[in-house]
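Just so you know, the UniProt record's numbering puts 109 at position 109 of the sequence shown, and the rest follows in order with no gaps. Ideal placement from N, C-alpha and C gives every residue a C-beta, glycine not left out. A short write-up of the structure that comes next.
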Amino acid sequence: MSERLGRVAVLVLEGAKPLDVGIPAQVFSTRRSMPYEVRVCGPEPGLITGGDGLSFGVANGLETLDWADIVFVPGYRFPDREAPPAPVVDALRGAHERGARLAAISTGAFALAATGLLDGKRATTHWHYTRALAEQYPAIRVDENVLFVDEGDVLTSAGAASGIDLCLHILRSDLGIASSNHTARRLVAAPYRSGGQAQYVPRSVSEPRGERFAATREWALRHLGEPLTLEAMAHHSASSPRTFSRRFVDDTGYTPMQWLLRARVDAARELLELSELGVEQIAAEVGLGTGANLRQHFQRILGTTPRDYRRTFTGGE
């Protein structure tokens, strides 16, 4: 990011969901650890009737989108009944043409869909509305089984809680994993849930997806430097390796070993940002063995080298 504060606009539409509005406003609120300025805006300044019995008094109008680097569109009620006003659609397109990233939380995806900017791309929304989104906008490749989708300049997420995951994902890209983890701790939120993790869709089992092996994942994160195996993780979860593997994929979108590898790479990223340890030391610390092994996985997963990553987020070598 440049030296000036990153500019974040939160666009409140009629029927906006309070939690969806509050998530980006709070995550990116200006503070020492968060170099952003947030402005909440609407189609025009004034009172906007929100959902769930709340209204929003906004001081800024659509001109805020000309100012922003990132525009969040929170979810709103009944998105499948009426398209956003034409000035809103035009302002979103204009912001995108200027180079701003557009990020939708929950049903805010319908507003992005109305711009045509999601055509030919993957996108998601709250599971209750995925079918409606696909039917209204057949050019979009709607994925109902993910928490968020990053298509570079347009991002979409599922229900409200996944808006936190999307915001943390953006922070990881902008500021690095240490800053993202710091923010997650401040929010008392999970530091990392991959975009590929499944949404919770009602079904006959009693446990929501994503939580079944949460304790085992937390345990593994505390023991990354040890020679963790599929059998050890399955034993911790009181499951057979076969059952554990199958259900772990349902929970996270990754096999246990794929998830473990990414967790180790993320731990290495944080050490590169916050410590002066060498690559060989870091590789041993996070359970990747050798510096060569760490470099290989860094290149494959992140498309860069540990040295270049450290330079990007610390300014050093």
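1. Could you have a look at Ile-23 and say whether DSSP puts it in helix, strand or coil?
2. Identify the continuous alpha helix (DSSP H) that holds Val-265 and give its terminal residues.
3. For Leu-294, does the three-state DSSP call read helix, strand or coil?
4. In terms of alpha-carbon separation, which member of Thr-130, Val-27, Asn-181, Phe-78 lies closest to Glu-273?
5. Determine the extent of the beta strand (DSSP E) in which Ala-36 is found, giving its start and end residues.
6. Need the endpoints of the beta strand (DSSP E) that Arg-101 sits in, please.
7. Going straight from the alpha carbon of Asp-66 to that of Gly-108, what length do you get?
8. Who are Ala-123's beta bridge partners in DSSP?
9. Kindly indicate which residue of Pro-85, Pro-84, Met-233, Ala-95 has the alpha-carbon position closest to the one of Val-71.
10. Could you give the residue range of the beta strand (DSSP E) that holds Phe-56?
11. At the level of alpha carbons, what is the spacing between Arg-4 and Val-149?
12. Can you round the beta-carbon distance between Ala-220 and Leu-261 to whole angstroms, since I take them to be within the 8 Å contact cut?
13. Are the stretch 138-158 and the stretch 84-94 touching, with three or more C-beta to C-beta distances below 8 Å?
14. I need the boundaries of the alpha helix (DSSP H) containing Phe-110, first residue and last residue.
15. Give the DSSP bridge partners of Ser-157, in chain order.
16. Looking at C-alpha atoms only, which residue of Ser-237, Thr-130, Arg-77, Arg-311 is the closest neighbour of Gly-50?
17. Per DSSP, which residues does Ile-48 bridge with? Please list them.
18. Where does Gly-6 fall in DSSP's three states?
19. In whole angstroms, what is the alpha-carbon distance linking Asp-69 and Val-38?
Well, looking at it:
1. In the three-state reduction of the DSSP assignment, Ile-23 falls in the helix class, which pools H, G and I.
2. Secondary structure note for Val-265: its alpha helix (DSSP H) is the uninterrupted segment 256-274.
3. It is helical.
4. Checking every option, the nearest Cα to that of Glu-273 belongs to Asn-181.
5. The sequence shown places Tyr at residue 36, rather than the Ala named in the question. Per DSSP, Tyr-36 belongs to the beta strand (DSSP E) from 36-41.
6. Secondary structure note for Arg-101: its beta strand (DSSP E) is the uninterrupted segment 101-104.
7. Spanning the two alpha carbons is a distance of roughly 19 Å.
8. Residue pairing for Ala-123: DSSP places it in a beta bridge opposite Val-142.
9. The candidate whose alpha carbon is nearest that of Val-71 is Ala-95.
10. For Phe-56, the uninterrupted beta strand (DSSP E) run begins and ends at 55-58, by DSSP.
11. Straight through space, the alpha carbons of Val-149 and Arg-4 are spaced by roughly 27 Å.
12. That belief does not hold up - the Cβ atoms of Ala-220 and Leu-261 are roughly 11 Å apart, past 8 Å.
13. By the Cβ rule, the stretch 138-158 does not count as touching the stretch 84-94, because fewer than three pairs are nearer than 8 Å.
14. Annotation for Phe-110: the continuous alpha helix (DSSP H) segment containing it runs 109-115.
15. DSSP, once it has assigned bridges, lists Phe-148 as partnering Ser-157.
16. Scanning Ser-237, Thr-130, Arg-77, Arg-311 for the CA closest to the CA of Gly-50 turns up Arg-77.
17. Ile-48 is bridged to Phe-56.
18. Strand.
19. Rounded to the nearest angstrom, the two C-alpha atoms are 10 Å apart.
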